[in-house]
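Data block below; observations after.
Right, here's the structure in full:
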């Protein structure tokens, strides 16, 4: 069985208590995202800055064991950017330290009277005065605090009110999307540290060893992971050329899908320039992050794409500098880049490298034009009278995959519970990376159920707090074996899949209670009216509106939603969620 | 979905994996569709309804797979554990249930990608495409074929075939198709245009399939032209490589090769070490079977797929260990060195790699020839006892 001890922290009273969820709750939630949703649901109608709305940090049941790539955490609350529920799966060592400290998660409520830090060391929890640190960059804070274990913190942007503020773990791992950093800063919580010296037992060590071997064997067989151009050798930057080659690299605020200079701004170019070494999360042998020989972290794929093609920028240094600023100030690089692209299109200003970095600092410190840009592209575009120039879904800016190049991606963006996010359905796996097999990326055929199945599976992965990249090679079959070995429960892949359906459906219920409906499950109009950039034998037509709506309707049927995208009563009962409705 | 269901039903027949009219495929988006009517659909509907999948396949395997699978499932067997690389990596083991009923099927399919129902057929599934179900079906047939012959070779070594084994072997051999007598010509190099390079790679893949040298249509082909290696993509079907060949610059200046075959590294290193221009790899059954047949009693037994103390060969072709892909025990660490001394190498339990200069003719010719020799050798060894 899964035993999790959850630390509840009330910042207002500095009250602490430990709670242990029942085995039934753990079975229904798994951990991570599922468990965070369990704690969020009763409070979800509270505004994001309501001190009673919990900010949740949840590890997974495999975290701290030898199960490969299972050391992530889920951070969850409501998004200041979208108003919807929002969760981020983030790497680093926080989850690993948390489990070794004897905890499975942290529920933060209340608001401190001044910027505060929470420090956890095995059985002890203390508060520290962080009044002088509100303006401290996340990199410097991590440097100063890392002897206290893993560090999760926010940067100056969060304390200045930027709606896409991130929470940074161990300096460079971002819970980037949706502005959870702003939620944390609104509680006057600057950082958490956690250090653990215990161990996390497995019920069946031999079974876990066998499952881990199966996982590593499949990872080794996956070109996207261990291949010469896979994530181990090239980092996530490996996707940059692929998006360009497939004519689906968002360019000039999604007005085009091909950026000619991209060939000189790819993984190879960064490697030639900065001679990086690989680093990565605790318990992962892929190590997909890159640090240059000067010690500066290199941008990941999304950041590379948005700070080059999306802004029509050809300066490699500016891409790296933008990444460094966003990480240090604590801002989501995707939303930051896309908001600048929106600004560029509306104002007609071609952003020079110095303007890009200057505007980023203005956003982070909420000065000048940055004040409005820091509210995200949707509010900015609305204020400027051009709402259609915000390339976002539910107010969350779209990442580096143009939906005209992949219909599953188009549908997945629309149905994601947190907005313009590629990671909930992750159709790039089969539409572009050909895993588990290739599907026709220009067709909606079969995509409704594929998206639903993938959303359920990814809900499981985020609840196990495993790494989605590993599923370019593995499946839930191998992770179910690891889960069973760790917990002693006899659980199959399909059992987990069913649990994932329940977890994701609960998120739909939460969003519907917040007023989200089919009106929000949509794409910016540009994608239905303007083609992408043809070439290389590839024609990138606009998304067919009727086909999109038909696919979305099929998705609603498969998911158990009505025509308005709202949860059906019989589905709520079928999933045993009626007490929550 | 209907188009995909029909496509893979036809492909099962073309590949000799099922007989016409046997494959039953279901595909589910918002509505469930079948490629044809069948009494088994209510049971399979229950199965698909109980799982998070989008496609299901049920069919009797064609001969000789049917005879082989029935033989392997005799008695109280609840699971078949082949040792070949594909099964070890992707399927793990092959569960067996005795009844085509939703309960027993669901129990096994919830944890594995296939289930064998003796006397009835094989059930497999997919989460994104019926192609997955097709691949798993094919892989089960391949794995059982390899296990059957491997078991017989072992039985022979232990003192001789039983009368039951002899009887089954005789029946299986009756069903084995004739081996191709002629080597078809492939496009000749040197190539003047890039389109010709793409066409040559696609042609080699198609002929590899047409000559029965594959498992699940899998394998990989590469051809060097100027400073680029043109290689088939991962999970591409060798008979449908048009649009599934990725150009990988040899100077590493682009990462488009992230979708290339999992053996890209082994291909590149082989070409670099040998000066060859082309590599062809497939999973011909008897080459795989013979690579696994070893009489040596050594400390590595049971780990032959990752290490081997002996310098082994079959029909004059070196056999090396190595798992799929680029991990620490991957064949990328063993194959290229072996290819320096030989223009063909078999990877233990996995498949055959051949190389050639200028175009793919030499590589294809060697592939066909070596598989033919392995087939003759295997059958002659087993028939010695008759």
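Chains as they are written, first to last, in this note's numbering: chain A, -9 to 571; chain B, 14 to 399.
Beta carbons are placed, not taken as given, at the ideal position from N, Cα and C, and that holds for glycine.
Would you mind working out which of the options sits nearest residue i, comparing C-alpha positions?
{"i": "residue 545 (chain A)", "options": "A:485, A:413, A:402", "result": "A:402"}
{"i": "residue 412 (chain A)", "options": "A:382, A:33, A:435", "result": "A:382"}
{"i": "residue 212 (chain B)", "options": "B:89, B:369, B:151, B:235", "result": "B:235"}
{"i": "residue 532 (chain A)", "options": "A:93, A:181, A:396, A:314", "result": "A:396"}
{"i": "residue 548 (chain A)", "options": "B:44, B:380, B:360", "result": "B:44"}
{"i": "residue 189 (chain A)", "options": "A:507, A:51, A:255", "result": "A:51"}
{"i": "residue 496 (chain A)", "options": "A:425, A:27, A:220, A:442", "result": "A:27"}
{"i": "residue 125 (chain A)", "options": "A:193, A:175, A:44, A:311", "result": "A:175"}
{"i": "residue 475 (chain A)", "options": "A:192, A:-3, A:315, A:360", "result": "A:192"}
{"i": "residue 177 (chain A)", "options": "A:160, A:211, A:97", "result": "A:97"}
{"i": "residue 143 (chain A)", "options": "A:534, A:106, A:116, A:168", "result": "A:106"}
{"i": "residue 94 (chain A)", "options": "A:199, A:60, A:-4", "result": "A:-4"}
Given this structure, state the Cα-to-Cα distance separating residue i from residue j, to the nearest angstrom.
{"i": "residue 313 (chain B)", "j": "residue 274 (chain A)", "result": "28 angstroms"}
{"i": "residue 3 (chain A)", "j": "residue 103 (chain A)", "result": "10 angstroms"}
{"i": "residue 260 (chain A)", "j": "residue 156 (chain A)", "result": "25 angstroms"}
{"i": "residue 337 (chain B)", "j": "residue 276 (chain B)", "result": "7 angstroms"}
{"i": "residue 79 (chain B)", "j": "residue 428 (chain A)", "result": "29 angstroms"}
{"i": "residue 244 (chain B)", "j": "residue 208 (chain B)", "result": "13 angstroms"}
{"i": "residue 119 (chain B)", "j": "residue 37 (chain B)", "result": "18 angstroms"}
{"i": "residue 283 (chain A)", "j": "residue 30 (chain B)", "result": "54 angstroms"}
{"i": "residue 53 (chain A)", "j": "residue 455 (chain A)", "result": "7 angstroms"}
{"i": "residue 522 (chain A)", "j": "residue 300 (chain A)", "result": "13 angstroms"}
Check whether the Cβ atoms of residue i and residue j lie closer than 8 angstroms to each other.
{"i": "residue 408 (chain A)", "j": "residue 243 (chain A)", "result": "no"}
{"i": "residue 491 (chain A)", "j": "residue 430 (chain A)", "result": "no"}
{"i": "residue 235 (chain A)", "j": "residue 269 (chain B)", "result": "yes"}
{"i": "residue 152 (chain B)", "j": "residue 228 (chain B)", "result": "yes"}
{"i": "residue 317 (chain B)", "j": "residue 297 (chain B)", "result": "no"}
{"i": "residue 327 (chain A)", "j": "residue 376 (chain A)", "result": "no"}
{"i": "residue 150 (chain B)", "j": "residue 220 (chain B)", "result": "no"}
{"i": "residue 422 (chain A)", "j": "residue 237 (chain A)", "result": "no"}
{"i": "residue 390 (chain B)", "j": "residue 363 (chain B)", "result": "no"}
{"i": "residue 248 (chain A)", "j": "residue 525 (chain A)", "result": "yes"}
{"i": "residue 139 (chain B)", "j": "residue 74 (chain B)", "result": "no"}
{"i": "residue 578 (chain A)", "j": "residue 81 (chain A)", "result": "Residue 578 (chain A) lies beyond the residue range present for chain A, which begins at -9 and ends at 571; the question has no answer from this structure."}
{"i": "residue 479 (chain A)", "j": "residue 66 (chain A)", "result": "no"}
{"i": "residue 513 (chain A)", "j": "residue 415 (chain A)", "result": "no"}
Quick check on DSSP: helix, strand or coil for residue i?
{"i": "residue 334 (chain B)", "result": "coil"}
{"i": "residue 399 (chain A)", "result": "helix"}
{"i": "residue 80 (chain A)", "result": "strand"}
{"i": "residue 331 (chain A)", "result": "helix"}
{"i": "residue 143 (chain A)", "result": "strand"}
{"i": "residue 38 (chain A)", "result": "coil"}
{"i": "residue 119 (chain A)", "result": "strand"}
{"i": "residue 533 (chain A)", "result": "coil"}
{"i": "residue 246 (chain B)", "result": "strand"}
{"i": "residue 152 (chain A)", "result": "coil"}
{"i": "residue 469 (chain A)", "result": "helix"}
{"i": "residue 238 (chain B)", "result": "strand"}
{"i": "residue 271 (chain A)", "result": "coil"}
{"i": "residue 228 (chain B)", "result": "strand"}
{"i": "residue 154 (chain B)", "result": "helix"}
{"i": "residue 72 (chain A)", "result": "coil"}
{"i": "residue 423 (chain A)", "result": "coil"}
Note down, in chain order, each residue of its chain lying with its Cβ closer than 8 angstroms to the Cβ of residue i, except the 5 sequence neighbours on either side.
{"i": "residue 245 (chain A)", "result": "335, 516, 520"}
{"i": "residue 346 (chain B)", "result": "335"}
{"i": "residue 263 (chain B)", "result": "237, 240, 241, 242, 281"}
{"i": "residue 535 (chain A)", "result": "518"}
Does any heavy atom of the ligand SAH sit closer than 7 angstroms to the C-beta of residue i?
{"i": "residue 255 (chain A)", "result": "You won't find the ligand SAH in this model; it holds no ligand whatsoever."}
Going by beta carbon distance, what residues of the same chain come within less than 7 angstroms of residue i, once the five residues before and after it are set aside?
{"i": "residue 59 (chain B)", "result": "115"}
{"i": "residue 40 (chain B)", "result": "14, 17, 18, 46, 67, 68, 143"}
To which residues of the same chain is residue i closer than 6 angstroms at the C-beta, ignoring the five residues directly before and after it?
{"i": "residue 537 (chain A)", "result": "434"}
{"i": "residue 287 (chain A)", "result": "162, 281"}
{"i": "residue 76 (chain B)", "result": "188"}
Taking beta-carbon pairs under 7 angstroms, can you tell me which members of the region 324 to 341 of chain B lie near chain E?
Here chain E cannot be found, since the structure's protein chains are A and B.
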